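**Student:**
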Amino acid sequence: LDDLKREIQQLQVKQNEFQADLSEVKTSVRKIATDLSGVKTSVGKLETDLSEVKHNVKALIHDTAINRSRELSELTSEKVIRQLDNVEAKAYFTRYYPGETVPRDQGEIHDAILRAVGGSTL
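Counted the way UniProt numbering counts, the sequence shown spans residues 1 to 122.
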């Protein structure tokens, strides 16, 4: 009977060691899962950044091609600037900010043009 008790105690010790090892494995798996989640987030951000770069390059090439031969008149007032359509606004933007990415928002384009021509001095 004493031998059986000793063996049971040894089994309990081994079970406790196994539980401790299992806890370490679970902790490691959680850390790996967290790291993997971070990698997925980083990859997603890179894909988003790459998509935006592709969009900006396409827009720049397109705008450059359209505006290369376009003659632009002098802007005489803020009202005239605010009334520019999207194509005209992009043409003026690329004139005043060559090589820069044209903002997607037309209001931002108009604001940039106003800054370039002196805004309140018109």
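All C-beta atoms in this analysis are idealised placements derived from N, C-alpha and C, irrespective of residue type, glycine included. Bear in mind the structure is a predicted one, so any value in this text is a computation, not a measurement.
Write down every uninterrupted run of the alpha helix (DSSP H) in the UniProt domain "Mug135-like C-terminal" (70-118) whose length is 4 residues or greater and which is fully enclosed by it, in chain order.
**Tutor:** The qualifying runs are 78-82, 86-96, 106-116.
**Student:** Report yes if the C-beta distance between His-91 and Pro-103 is below 9 Å; otherwise report no.
**Tutor:** Rather than His, the amino acid found at residue 91 in this sequence is Ala. Taking 9 Å as the Cβ cut-off, Ala-91 and Pro-103 do not qualify as a contacting pair.
**Student:** Compute the Euclidean distance between the alpha carbons of Lys-58 and Gly-107, then round it to the nearest angstrom.
**Tutor:** Cα to Cα, Lys-58 sits roughly 21 Å from Gly-107.
**Student:** Compare the Cα-Cα distances from Ser-73 to each of Pro-98, Lys-5, Val-117, Val-25 and report the closest residue.
**Tutor:** Out of Pro-98, Lys-5, Val-117, Val-25, Val-117 has the C-alpha closest to the C-alpha of Ser-73.
**Student:** Please go through the stretch 27-59 and give each complete beta strand (DSSP E) segment of 3 or more residues, from N-terminal end onward.
**Tutor:** Correct list: empty.
**Student:** DSSP on Leu-1, reduced to helix/strand/coil?
**Tutor:** In this structure, Leu-1 counts as coil in the three-state DSSP scheme.
**Student:** Rounded to whole angstroms, how far is the Cβ of Leu-60 from the Cβ of Thr-101, which I believe are closer than 8 Å?
**Tutor:** With 8 Å as the limit, Leu-60 and Thr-101 qualify as a contact, their Cβ atoms being about 7 Å apart.
**Student:** Could you name the residues of the same chain whose beta carbon sits closer than 7 Å to that of Leu-114, not counting the 5 residues immediately before and after it, in chain order?
**Tutor:** Only Glu-78, Ile-81 meet the Cβ criterion.
**Student:** Can you find the residues in the same chain that come closer than 7 Å, C-beta to C-beta, to Ser-42, ignoring five residues on each side of it along the sequence?
**Tutor:** Cβ within range, chain order: n/a, list empty.
**Student:** How many Å lie between Ile-109 and Val-53 at the Cα?
**Tutor:** Cα to Cα, the separation comes out at about 18 Å.
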